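K.L.:
The listed protein sequences derive, respectively, from chains A and B.
According to numbering that gives the first Met the number 0, the first sequence is numbered sequentially starting from 0.
According to numbering that gives the first Met the number 0, the second sequence is numbered sequentially starting from 0.
Glycine is no exception: its CB is placed at the ideal position from the N, C-alpha and C atoms.
Just so we're clear, the structure is a prediction, and the values are computed from it rather than from any experiment.
Take this structure, written in structure tokens, and hold onto it; I'll ask about it next.
2 protein chains.
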Amino acid sequence: MQPDQLSLTLSAIADPTRRAILMRLMDGEASVKELAAPFEMSIPAICKHLRVLEGAGLISRGRSAQFRPCRLEAQPLREAVGWIEEFSKFWDTSLNRLDGLLERLQSADATARKN
Amino acid sequence: MQPDQLSLTLSAIADPTRRAILMRLMDGEASVKELAAPFEMSIPAICKHLRVLEGAGLISRGRSAQFRPCRLEAQPLREAVGWIEEFSKFWDTSLNRLDGLLERLQSADATARKN
DNA sequence: TTCATTCCTAACCGATCGGTTATCTAACTT
DNA sequence: AAGTTAGATAACCGATCGGTTAGGAATGAA
Numbered sequence: 000m001q002p003d004q005l006s007l008t009l010s011a012i013a014d015p016t017r018r019a020i021l022m023r024l025m026d027g028e029a030s031v032k033e034l035a036a037p038f039e040m041s042i043p044a045i046c047k048h049l050r051v052l053e054g055a056g057l058i059s060r061g062r063s064a065q066f067r068p069c070r071l072e073a074q075p076l077r078e079a080v081g082w083i084e085e086f087s088k089f090w091d092t093s094l095n096r097l098d099g100l101l102e103r104l105q106s107a108d109a110t111a112r113k114n
Numbered sequence: 000m001q002p003d004q005l006s007l008t009l010s011a012i013a014d015p016t017r018r019a020i021l022m023r024l025m026d027g028e029a030s031v032k033e034l035a036a037p038f039e040m041s042i043p044a045i046c047k048h049l050r051v052l053e054g055a056g057l058i059s060r061g062r063s064a065q066f067r068p069c070r071l072e073a074q075p076l077r078e079a080v081g082w083i084e085e086f087s088k089f090w091d092t093s094l095n096r097l098d099g100l101l102e103r104l105q106s107a108d109a110t111a112r113k114n
């Protein structure tokens, strides 16, 4: 089963190394070697991370001599932020406080039944 | 290495089954069996997903007779949405358009050099 | 007491993940 | 032409993931 775009995006940014790479790319394009520099990790390992990011559409790559510079493509993150915000909304709505109330009533009820 | 909270949260919601469970919990508490019902998946599989969600702090669990109802805890998602929004911002800023300009200049330059 | 229901745990399985080393290609440099 | 640099690929490794089946514990019901 090929995963949906949202799952691709989220699992791509679930890794701290890949998030650090993305943050680095906010300062502008960078070569693979430049991206690898801050990490105690081999170049092939970074290449793999870049492939994951590229597969999720979070970066794109150019060509300039023997360099293949990476640049940020933030578009897929918009879908992700959209999904997550559904739940942030939930957290802030009165629905949440209502749920809290219901829950407290239920647990009080359960306690009453138990004793 | 134990992963940071943000990585925990993101990898928890990177799975479509777990996202569906969270969405179901927006309608209120539910038992494990209720949560499992929509899926063609064994109960233990759902239990594992619930453990992941609980480990990420995205759900909490009560006790009521032989049931262990789950309820949504959306708080960790706030950190996640905060991180992702950094990049949504990036996408909308003039910095992005500036990058696009620089890139176009560079690729024009590369093309010129190539010919 | 016995049975049913709910849920968890353990053991296992194949696939994927995140890293390594070794090797290769492509392009620049001398 | 020979050497260097940037990067990709392949093969491998241990750990984790996402699922399974089997079996056990806790609670409620007959």
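1) Using alpha carbons as the reference points, say which of B:Ala44, B:Ser30, B:Pro43 lies closest to cysteine 69 (chain B).
2) Show which residues of chain A have a CB atom less than 7 Å away from the CB atom of isoleucine 12 (chain B).
3) What are the residues that DSSP puts in a beta bridge with leucine 71 (chain A)?
4) On the criterion of 16 or more Cβ atoms from any shown chain inside 10 Å, does alanine 44 (chain B) qualify as buried, or is it exposed?
5) State yes or no: is the C-beta of glutamate 119 (chain B) within less than 8 Å of the C-beta of isoleucine 58 (chain B)?
6) By the three-class DSSP mapping on this structure, what secondary structure does serine 63 (chain A) have?
7) Answer with yes or no whether the minimum CB distance from proline 37 (chain B) to chain A is below 8 Å.
8) How many angstroms separate the CA atom of lysine 32 (chain A) from the CA atom of serine 63 (chain A)?
9) When you compare the CB of isoleucine 20 (chain B) with every CB in chain A, is at least one pair closer than 8 Å?
10) Could you check whether the Cβ of isoleucine 83 (chain A) sits closer than 8 Å to any Cβ belonging to chain B?
11) Going along chain A in order, which residues have a C-beta closer than 7 Å to the C-beta of valine 80 (chain B)?
12) Excluding the 5 residues flanking proline 75 (chain A) on each side, which residues of the same chain have their C-beta closer than 7 Å to its C-beta?
13) Where phenylalanine 66 (chain A) and serine 6 (chain B) are concerned, what is the direct C-alpha to C-alpha distance, given to the nearest angstrom?
14) Does alanine 44 (chain A) come out as helix, strand or coil in the three-state DSSP assignment?
15) Is serine 6 (chain B) close to chain A? Criterion is C-beta to C-beta, closer than 8 Å.
16) Taking Cβ positions only, does leucine 76 (chain A) come closer than 8 Å to chain B?
17) Under 7 Å Cβ-Cβ, which residues of chain B neighbour proline 15 (chain A)?
18) Suppose contacts are defined by Cβ-Cβ distances below 8 Å. Is alanine 13 (chain A) in contact with serine 10 (chain B) by that definition?
19) State the Cα-Cα distance for the pair arginine 53 (chain A) and alanine 35 (chain A), rounded to the nearest angstrom.
20) Of the residues B:Ser41, B:Pro2, B:Ile42, B:Val51, which one's Cα is nearest the Cα of leucine 21 (chain B)?
P.N.:
This is what the structure holds:
1) Closest option to cysteine 69 (chain B), Cα to Cα, is B:Ser30.
2) Contacts between isoleucine 12 (chain B) and chain A, judged by CB atoms closer than 7 Å, involve Leu9 in chain order.
3) According to DSSP, which records beta bridges pairwise, leucine 71 (chain A) is partnered with A:Ile58.
4) With fewer than 16 other CB atoms across the displayed protein chains lying within 10 angstroms of its CB, alanine 44 (chain B) is exposed.
5) Nothing can be reported for residue 119 (chain B): it is not among the residues displayed for chain B, which extend from 0 to 114.
6) DSSP, reduced to helix, strand and coil, places serine 63 (chain A) within a strand of the structure shown.
7) By this cut-off, proline 37 (chain B) is not an interface position.
8) One C-alpha to the other measures close to 14 Å.
9) At least 8 Å separates the CB of isoleucine 20 (chain B) from every CB of chain A.
10) Yes, isoleucine 83 (chain A) lies at the interface with chain B (some Cβ there is under 8 Å from its Cβ).
11) Ordered by position in chain A, the residues that pass the 7 Å Cβ test against valine 80 (chain B) are Val80, Ile83, Glu84, Ser87.
12) The residues are Gln4, Thr8, Ala55, Gly56, Leu57.
13) Taking the straight line joining both Cα atoms gives about 30 Å.
14) Helix.
15) At least one CB of chain A lies nearer than 8 Å to the CB of serine 6 (chain B).
16) Interface residue, yes.
17) Those within 7 Å of proline 15 (chain A) in chain B are Asp3, Ser6.
18) Yes, the pair counts as a contact, with Cβ atoms nearer than the cut-off.
19) First, the amino acid is wrong: residue 53 (chain A) is glutamate here, not arginine. Approximately 16 Å between the Cα atoms of the pair.
20) Looking at the Cα atoms, B:Val51 is the closest of the given residues.
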